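**Student:** Encoded as structure tokens, here's the structure I'll be asking about.
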Amino acid sequence: MASRYPQLSATRRSFLAGALGIGAATVLAACGGDDSGSEDSGASGGPFEFTDDRGKKISLPAAPKKIVAQVGAAAALWDFGVQSVGIFGPSKKADGSPDPQAGRIDQSKTTSLGNAWGEFNVEKYLSLAPELLVSVMYGTGKLWYVPDDSASKIEQIAPTVGLEIAKVKLTDAIAKFEKLAAALGADVKASSVTDAKAKFDAATKDLQAAGTAKSDVKVIVLAAAQDNVYCANPVMYPDLQHYVDNKVGLVVPQKPDAESPFWETLSWENVGKYPADVIFLDARTQSLQPDQLKSNAAWAKLPAVVNNQIIPWYSEEPLSYPGYSTKIADLAAGLNKAKKVT
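Everything in the sequence shown is counted per UniProt numbering, starting at 1 for the first residue and increasing by one.
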């Protein structure tokens with residue numbers, strides 16, 4: 001399964017992830033990259049220049065219009081007014097309904113190149129005549145959901161932008177997409193954006209108040225699988241960092257996995273290693289949900305489960321203001337209702 005956890009082995013990714021023409025653009029290796037990218041005059045109709053988080057500088061005669069993006073990146077850009085002609089990564093659930101990662105994308109207006117880890121239809125990508133590909137990165141310098149075995153071919157078709165989001169604060173991660181959207185010609189001062197930011201800021205204030213009022217309540221962030229459970233390391237995630245910064249008492253695992261510091265892997269026998277009053281549970285379909293865990297004795301006896309203090313964690317919410325304002329408000333509401341049970 002694809003997830004925000006790129007350093008996992010192929011086996012664990014199954015749970016936690018799970019002669020082409022060269023584009024007309026000139027892609028130059030820059031000496032150093034701005035942490036949040038840099039934009040030039042593409043937004044005003046002039047040449048487009050952008051340096052991504054790999055230090056790669058892209059130069060085009062004008063801002064690209066035919067953009068293909070990893071679904072989370074596409075959804076974030078969409079919220080800033082930039083629509084992608086193609087997307088790749090989980091956009092629909094098995095029942096055909098939109099995947100939460102797709103955010104507010106109108107999927108009738110874009111083409112999916114693949115819905116699962118390892119799926120990327122290169123021929124379909126080529127047929128879209130893309131002018132730019134956008135994806136996020138998780139500390140490896142690799143574009144998320146661009147398959148390793150076809151990455152070199154894909155990167156020959158059009159220039160690519162990679163935005164690093166591991167160990168990046170939520171507001172900084174959102175700002176990366178805002179700057180890219182502006183460079184691509186979006187009006188990031190539009191009321192739809194400023195109103196969404198105002199709601200985000202208000203929700204954050206409410207969360208800080210809830211976190212302060214519930215300072216004794218410990219919250220553990222988990223993803224559940226059949227054989228193991230995974231305790232998230234807040235420092236690795238933009239949203240979890242934001243919650244810690246706003247007084248939410250998130251549990252920090254003592255021994256994050258060497259292979260993937262995003263998590264500490266726990267056996268079900270050891271799931272109670274970190275006492276917690278609330279469980280922030282990975283809500284993706286790849287993670288087992290409470291109704292699927294009813295027969296799990298170790299799960300059933302956790303204090304947060306006994307007291308029904310479980311809050312969904314939408315771990316791949318698009319990095320924009322609209323989605324996170326709602327998610328932050330939901331977390332604040334959940335905290336306000338929570339009680340100390342450990």
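We treat Cβ as the ideally placed atom computed from N, Cα and C, and that holds for glycine.
None of the values given here were measured: they were computed from a predicted structure.
So, using beta-carbon positions, are ILE58 and GLN70 closer together than 9 Å?
**Tutor:** no
**Student:** For a quick check, are the C-beta atoms of THR111 and LEU128 less than 9 Å apart?
**Tutor:** yes
**Student:** For PRO261, which residues of its own chain have a beta-carbon under 7 Å away from its beta-carbon, when the five flanking residues on both sides are left out?
**Tutor:** ASN233 and MET236
**Student:** Beta-carbon separation of residue 349 and GLY103 under 9 Å?
**Tutor:** This structure cannot speak to residue 349, because the chain is shown only from 1 to 342.
**Student:** Quick check: the Cα distance between GLY209 and TRP299, rounded to an integer number of angstroms?
**Tutor:** Strictly speaking, residue 209 in this sequence is Ala, with Gly absent from that position. Going by the C-alpha atoms only, they are around 30 Å apart.
**Student:** Check whether the stretch 305-314 touches the stretch 280-293, taking contact to mean three or more Cβ pairs, one atom from each stretch, closer than 8 Å.
**Tutor:** The stretch 305-314 vs the stretch 280-293: in contact.
**Student:** I need the straight-line Cα distance from ALA76 to ALA181, nearest angstrom please.
**Tutor:** 9 Å
**Student:** Please list the terminal residues of the continuous beta strand (DSSP E) segment that includes THR51.
**Tutor:** 48-51
**Student:** Tell me whether ALA258 is buried or exposed, calling it buried when 16 or more other Cβ atoms sit within 10 Å of its Cβ.
**Tutor:** exposed
**Student:** Does ASN246 pass the burial test, meaning 16 or more other C-beta atoms within 10 Å, or should it be called exposed?
**Tutor:** buried
**Student:** Please classify residue 343: does DSSP put it in a helix, a strand, or coil?
**Tutor:** Nothing can be reported for residue 343, as the shown portion of the chain is limited to 1 through 342.
**Student:** Check this for me: beta carbons of ALA329 and ASP206, under 9 Å apart or not?
**Tutor:** yes
**Student:** Need the endpoints of the alpha helix (DSSP H) that GLN241 sits in, please.
**Tutor:** First-last of the alpha helix (DSSP H) with GLN241: 238-245.
**Student:** Checking the sheet assignment: what are the DSSP bridge partners for PRO312?
**Tutor:** LEU281
**Student:** Among PRO275, SER325 and TYR321, whose alpha-carbon lies nearest the alpha-carbon of VAL341?
**Tutor:** PRO275
**Student:** State the DSSP-derived secondary structure class of ALA63, mapped to helix, strand or coil.
**Tutor:** coil
**Student:** Rounded C-beta distance between SER135 and TYR145? I'm assuming under 8 Å.
**Tutor:** 6 Å
**Student:** Would you say ASN308 reaches chain D, if we count a Cβ-Cβ gap shorter than 9 Å as a contact?
**Tutor:** The structure shown contains no chain D, having only a single protein chain.
**Student:** At 3 residues or longer, what runs of the beta strand (DSSP E) sit wholly inside the stretch 72-139?
**Tutor:** 86-88 and 132-137
**Student:** Let me know if LYS214 comes out buried or exposed under the rule of 16 or more other beta-carbons within 10 Å of its beta-carbon.
**Tutor:** buried
**Student:** My assumption, with CB atoms under 8 Å, is that VAL219 sits in contact with PHE280. Please give the rounded CB distance.
**Tutor:** The beta-carbon separation of VAL219 and PHE280, rounded to 5 Å, stays under the 8 Å limit for a contact.
**Student:** Once you ignore the five residues that flank ALA304 on each side, which residues in its own chain have a CB closer than 8 Å to its CB?
**Tutor:** ILE220, ALA276, ASP277, VAL278, ILE279, ILE310 and VAL341
**Student:** Can you give me the C-alpha to C-alpha distance between SER320 and PRO98, rounded to a whole angstrom?
**Tutor:** 18 Å
**Student:** Give the C-beta separation of PRO253 and GLU264 to the nearest angstrom, bearing in mind that I take them to be a contact with Cβ-Cβ under 8 Å.
**Tutor:** 3 Å
**Student:** For GLU164, tell me which candidate among ARG54, GLY334 and SER325 has the shortest Cα-Cα distance.
**Tutor:** ARG54
**Student:** Does the stretch 179-196 come within contact of the stretch 77-86, defined as at least 3 CB pairs closer than 8 Å?
**Tutor:** Verdict: yes, contact present.
**Student:** Please state the DSSP three-state secondary structure of TRP263.
**Tutor:** strand
**Student:** If you run the structure through DSSP and keep just helix, strand and coil, what is ASN228?
**Tutor:** For ASN228, the secondary structure class from DSSP, reduced to helix, strand or coil, is strand.
**Student:** By Cβ distance below 7 Å, which residues in the same chain neighbour GLN107 in space, the five residues on each side in sequence not counted?
**Tutor:** For GLN107, where only same-chain residues beyond five positions count, the Cβ hits under 7 Å are SER91 and PRO98.
**Student:** Which of the three DSSP states, helix, strand or coil, is assigned to GLN70?
**Tutor:** strand
**Student:** VAL193 by DSSP, collapsed to three states: which one?
**Tutor:** The three-state reading of DSSP puts VAL193 in helix, counting H, G and I together.
**Student:** Let me check one thing: in DSSP terms, what residues is THR160 bridge-paired to?
**Tutor:** LEU133
**Student:** Return the first residue and the last residue of the alpha helix (DSSP H) that VAL306 is part of.
**Tutor:** 303-306
**Student:** What residues match up with ILE165 in a beta bridge as DSSP calls it?
**Tutor:** None, per the DSSP bridge assignment.
**Student:** Using 9 Å as the threshold, is the C-beta distance between ALA224 and LEU143 below it?
**Tutor:** No.
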